[in-house]
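Some notes on the structure that comes next.
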Amino acid sequence: MKAHSSTSSRALFSAIAYAILTVWLILAIFPFFWTFLISIKEVVDAFALPPIWVFKPTLVAYQTLWIEEGFTKYLINSAIVTFGTVTISISVGCFAGYGLARYNRAAGFWILFAAFVFRALPRLTFLLPFYYLARLTGLHDTQLLLILVLVAINQPFTIWMLRSFFQEIPDSLEESAMVDGCTRFQAFWYVIVPIMGPGIVTASIFSMLLAYNEFLIPLTLTATNAVTMPVAISQFGAEDLRYWSISAAGAISIAIPMVIIVLYLQKFLIKGLTAGAVKG
Amino acid sequence: MPALICISPKLEPCFLAKKVIPVKPREFWAFVSPSVVVMTVLMVLPLFTTIYLSFFNFNFGTTPKFIGLLNYTRILEDTRFWQALGFTLFYMVVSIPIQIALGFGLALLLNEISGLKRFFISIYLVPYIVTPVVGTLAVSWLFKDRGFITWLLSSIGINIQWYADVVAARGLLIGYGIWGAVPFVMLMLYAGLQAMPADPIEAAIMDGATWWQRVRFVMMPYLRPIFIFIAMVNIMDAYRLFDSVAVMTQGGPGNATATIMYYTYSIAFQEQLIGRASASVILAVFVIITLLYPFLRQTYIDIVGGKK
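So, in structure tokens, the structure goes:
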């Protein structure tokens, strides 16, 4: 094809590209923008038709949510569960990920393959017995139970991802440490883990998103005490218009911390996504 | 396929003079045992418990009574099960190709532009990061009877009751699923395009290939492993669709938008029939394993066969 037509057709192509990307940008963000508007409008204005664009913002819905509805309790539950899940699944996963990255015999492959199959199974496969056993043992409706189940659900994905990061680190690093007299564990702990920082951050982000966003597990395994934010918000009065503003305030409150943290750590998230593709 | 991003050039010289010290089996098991114990106790045992419970008539407060395959026949006779399975498969067949096509289109465009990439990516990430329940609520409000989009459509003469009409409710769920999955597809493919070596594309340009020919015959073959990976993840995710159904439509109108997971959930927690729900889950597991069989086989070959 002719190369000289490039400048003007390139500019046109680029303009079209920006236009389409902008359309999707609006689609991606508009529902959240609208929810935000609902949350800072008076209830009468929030669902007025045609929509009211000029209004005096109010924080009444947020006040109701956090003070009268006691949303803080759910925030604390979500925070405990997320923190617990990330800490345990990443520490357990790091050991396994390292072992699996370095060991080349059948057992390692079978563990990876089994983990992969378990990753494919629906959550309810594991949840039904948990529900039953938790009620027998009194663990039902505790944060501990949620953490345990989330760690398990998350483990296959975590070990696959951490394994792929450990594989990037050449064996020769811990080998030279071992030649110098370190044990395998010392070499792992003092040589390999310190340079795994970015990989650990990446795996932690995915773990954090999973635990923070999970709905089905806390929905089935909690009642009042350990309810997390997504479950709490889904149960606000659905039909009463007054509650929609409060739900909207809840939705925005849930979204903001995660969006800030993850966008700040964006490059790690993207690194994790691409690491996933490698093993596809 | 070589690792797309796993190349660390700075560390490369390390393998010059190396004497491999293999990990001993004892060491290996020490490293993996915490994880293996967690997965065995919290996944393998529950799976077998579910299989076991599926042969019992069992609710809370009653003693389990062995009933053989009765739970399975009850499920297979239940039209709601077939409707739910049908809708789940329909959802997958319709939404996954659109997710991949849209995501790939956006990734190609992102790859072409020069400025504002990071800005676009940041905003595109938002629906992917935000809690699904929150995303579902945000979208569902727009389509309520007093919602913005319902109003917008009615002002140009299109009146749709999104939650009362079967086709509209299904369309809404599928649309929401596409909206939520596109960021993942786009980012994966965009990262793949970024990691792609320039030579083959330049060679194609020299040979006079049009933009579309380059996409079709150079980029798409290169991205094939990523496409396969995305398809697999999207199948898994679509199959366990629950959150948006529970929050947006509660399976309605009637049973039109109940997915297989939503159906099983209602049997377990609304009808309190744990045994029967277990049978439903086990049937669902058979279906997903069948659907994923080609991917499982490929993974098996990659990890067990490929590395030896």
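So the protein sequences, as listed, match chains A and B. Numbering-wise (my numbering), the first sequence opens with residue 4 and increments by one. Numbering-wise (my numbering), the second sequence opens with residue -12 and increments by one. Cβ coordinates follow ideal geometry from the N, Cα and C atoms, glycine included. Predicted, not measured: the structure shown is a model, and the values here were computed from it.
When Cβ atoms are compared, which residues of the region 139 to 169 of chain A fall closer than 9 Å to chain B? Leu151, Val152, Val154, Ala155, Ile156, Gln158, Pro159, Thr161, Ile162, Ser167 and Phe168
According to DSSP, is Tyr287 of chain B part of a helix, a strand, or is it coil? Within the second sequence, residue 287 of chain B is the residue found at index 300, counting from 1. Tyr287 of chain B sits in a helix when the DSSP states are folded into three classes.
Figure out for me which residue from A:Ile156, A:Tyr106, A:Ile208 and A:Glu217 has the closest Cα to the Cα of Lys270 of chain A. Mapped onto the first sequence, residue 270 of chain A falls at position 267. That would be A:Ile208, whose Cα lies nearest to the Cα of Lys270 of chain A.
Counting pairs of beta carbons, one from the region 230 to 243 of chain B and one from the region 116 to 126 of chain B, are three or more of them closer than 8 Å? In short, these stretches touch, since the Cβ pair count reaches three.
Coil, strand or helix - Lys52 of chain B by DSSP: Position 65 of the second sequence, counted from the start, is the residue given in the question as residue 52 of chain B. Strand at Lys52 of chain B.
Are the CB atoms of Leu78 of chain A and Leu40 of chain B nearer to each other than 8 Å? The count along the first sequence starts at 1 and reaches residue 78 of chain A at position 75. The count along the second sequence starts at 1 and reaches residue 40 of chain B at position 53. No; because the gap between Cβ atoms is not below 8 Å, this pair is not in contact.
Nearest-angstrom Cα distance between Lys104 of chain B and Ala137 of chain A? Against the second sequence, residue 104 of chain B aligns to sequence position 117. Against the first sequence, residue 137 of chain A aligns to sequence position 134. Their Cα atoms are separated by approximately 48 Å.
Assign Val24 of chain B to buried or exposed, taking buried as 16 or more other Cβ atoms, counted over all protein chains shown, within 10 Å of its Cβ. Taking the second sequence and counting its residues from 1, one reaches residue 24 of chain B at position 37. Val24 of chain B comes out exposed.
How many whole angstroms separate the CB atoms of Asp3 of chain A and Thr25 of chain A, which I take to be in contact at a CB cut-off of 8 Å? This structure leaves residue 3 of chain A out entirely; chain A is present only between 4 and 283.
Touching by the beta-carbon criterion (3+ pairs, under 8 Å), the region 78 to 88 of chain B and the region 142 to 150 of chain B: no
Ala254 of chain A (DSSP reduced to helix, strand or coil): In the first sequence, the residue the question calls residue 254 of chain A occupies position 251. The answer is helix: DSSP assigns Ala254 of chain A an H, G or I state.
Beta-carbon contacts of Phe47 of chain B that lie in its chain and below 8 Å, excluding the five residues immediately before and after: The residue you call residue 47 of chain B lines up with position 60 of the second sequence. Here the set comprises Gln259 and Ile261.
Partner residues on chain B for Ser42 of chain A, Cβ-Cβ distance less than 7 Å: Here residue 42 of chain A corresponds to residue number 39 of the first sequence, with the count starting at 1. Within 7 Å Cβ-Cβ: nothing; Ser42 of chain A doesn't reach chain B, min ~10 Å.
If contacts are defined as beta-carbon pairs under 8 Å, then Met30 of chain B and Tyr226 of chain B qualify, I think. What distance do you get, rounded to the angstrom? Counting from one through the second sequence, the residue named residue 30 of chain B turns up at place 43. Counting from one through the second sequence, the residue named residue 226 of chain B turns up at place 239. Not really, about 17 Å apart at Cβ, beyond 8 Å.
Is there a Cβ of chain B sitting closer than 8 Å to that of Ile55 of chain A, yes or no? Start at 1 with the first residue of the first sequence, and residue 55 of chain A comes out as number 52. At a cut-off of 8 Å between C-beta atoms, Ile55 of chain A does not count as an interface residue with respect to chain B.
Extent of the continuous alpha helix (DSSP H) run through Ile83 of chain A: Here residue 83 of chain A corresponds to residue number 80 of the first sequence, with the count starting at 1. Note, Ile83 of chain A: alpha helix (DSSP H), Phe74 to Arg105.
Rounded to whole angstroms, how far is the Cβ of Ile247 of chain B from the Cβ of Ala271 of chain B, which I believe are closer than 8 Å? Translated into positions along the second sequence, residue 247 of chain B becomes position 260. Translated into positions along the second sequence, residue 271 of chain B becomes position 284. Between Ile247 of chain B and Ala271 of chain B a beta carbon distance of about 5 Å is seen, short of the 8 Å cut, so the two are scored as contacting.
Run through DSSP, which three-state label would Asn228 of chain A get? Numbered from 1 along the first sequence, position 225 holds the residue referred to as residue 228 of chain A. It is coil, neither helix nor strand.
Return the bridge partner residues of Phe36 of chain A from the DSSP annotation. Here residue 36 of chain A corresponds to residue number 33 of the first sequence, with the count starting at 1. BP columns for Phe36 of chain A are empty, so no partner.
Which chain B residues sit within Cβ distance under 9 Å of Val262 of chain A? In the first sequence, counting from the first residue as 1, residue 262 of chain A sits at position 259. By Cβ distance, chain B contributes Leu112, Val113, Ile116 and Val117.
From the DSSP output, which residues share a beta bridge with Asn44 of chain B? The residue labelled residue 44 of chain B in the question sits at position 57 within the second sequence. Asn44 of chain B pairs with B:Lys52.
Since Tyr268 of chain A and Val204 of chain A are thought to touch, with beta carbons under 8 Å apart, how far apart are those beta carbons, to the nearest angstrom? For the purposes of this step, residue 268 of chain A is taken as residue 265 along the first sequence, with counting starting at 1. For the purposes of this step, residue 204 of chain A is taken as residue 201 along the first sequence, with counting starting at 1. The sequence as given places Leu at residue 268 of chain A; Tyr does not occur at that position. Their Cβ separation, rounded to whole angstroms, is 7 Å, which keeps Leu268 of chain A and Val204 of chain A in contact under 8 Å.
At what residues does the alpha helix (DSSP H) containing Leu165 of chain A begin and finish? Walking along the first sequence from the start, residue 165 of chain A turns up at place 162. Leu165 of chain A -> alpha helix (DSSP H) spans Gln146 to Glu171.
From Thr197 of chain B to Leu40 of chain A, what distance separates their C-alpha atoms? Position 210 of the second sequence, counting from 1, holds the residue named residue 197 of chain B. Position 37 of the first sequence, counting from 1, holds the residue named residue 40 of chain A. Distance between the alpha carbons of Thr197 of chain B and Leu40 of chain A is about 45 Å.
8 Å CB neighbourhood of Arg105 of chain A in its chain, flanking five on each side removed: To locate residue 105 of chain A, count along the first sequence from 1; it is residue 102. Same-chain partners within the cutoff: Phe169 and Asp174.
Please confirm whether Val23 of chain B has its beta-carbon closer than 8 Å to some beta-carbon of chain A. Here residue 23 of chain B corresponds to residue number 36 of the second sequence, with the count starting at 1. For Val23 of chain B, the answer is yes, since a Cβ of chain A falls inside 8 Å of its Cβ.
From A:Val47, A:Tyr246 and A:Trp192, residue whose alpha carbon lies closest to that of Glu71 of chain A: Translated into positions along the first sequence, residue 71 of chain A becomes position 68. It is A:Tyr246.
Between the beta-carbon of Thr128 of chain A and the beta-carbon of Val268 of chain B, is there less than 8 Å? As a position in the first sequence, residue 128 of chain A is number 125, starting the count at 1. As a position in the second sequence, residue 268 of chain B is number 281, starting the count at 1. Yes; because the gap between Cβ atoms is below 8 Å, this pair is in contact.
Residues near Ile23 of chain A in its chain [Cβ-Cβ closer than 6 Å; skip 5 each side]: Counting from 1 along the first sequence, the entry for residue 23 of chain A is found at position 20. Excluding sequence neighbours, Ile23 of chain A sits near nothing in its chain.
Ordered along the chain, which non-local residues of its own chain (more than five positions away) have a Cβ less than 8 Å from that of Ala258 of chain A? Sequence index remark: in the first sequence, residue 258 of chain A carries index 255 (1-based). Phe35.
Would you grab the beta carbon distance between Val230 of chain A and Asn80 of chain A for me? Rounded to a whole angstrom, and I think it's under 8 Å. Here residue 230 of chain A corresponds to residue number 227 of the first sequence, with the count starting at 1. Here residue 80 of chain A corresponds to residue number 77 of the first sequence, with the count starting at 1. So it is a contact: roughly 6 Å between Cβ atoms.
Is DSSP giving Gly111 of chain A helix, strand or coil here? As a working mapping, residue 111 of chain A is identified with position 108 in the first sequence. Gly111 of chain A falls in the helix class under three-state DSSP.
How about the region 85 to 96 of chain A and the region 145 to 156 of chain A: do they share at least three Cβ pairs that are nearer than 8 Å? Taking 8 Å as the limit for Cβ pairs, the verdict is that the region 145 to 156 of chain A does touch the region 85 to 96 of chain A.
Can you give the Cα-Cα distance for Ala178 of chain B and Lys274 of chain A, rounded to whole angstroms? Translated into positions along the second sequence, residue 178 of chain B becomes position 191. Translated into positions along the first sequence, residue 274 of chain A becomes position 271. Looking at the two C-alpha atoms, the distance is approximately 9 Å.
Distance, Cα to Cα, Pro201 of chain A vs Thr66 of chain B? Locating residue 201 of chain A in the first sequence gives position 198, counting from the first residue. Locating residue 66 of chain B in the second sequence gives position 79, counting from the first residue. If you take the alpha carbons of Pro201 of chain A and Thr66 of chain B, they lie about 50 Å apart.
Once DSSP output is grouped into helix, strand and coil, what is the label at Gln237 of chain B? To locate residue 237 of chain B, count along the second sequence from 1; it is residue 250. Judged by DSSP in its simplified three-state form, Gln237 of chain B adopts coil rather than helix or strand.
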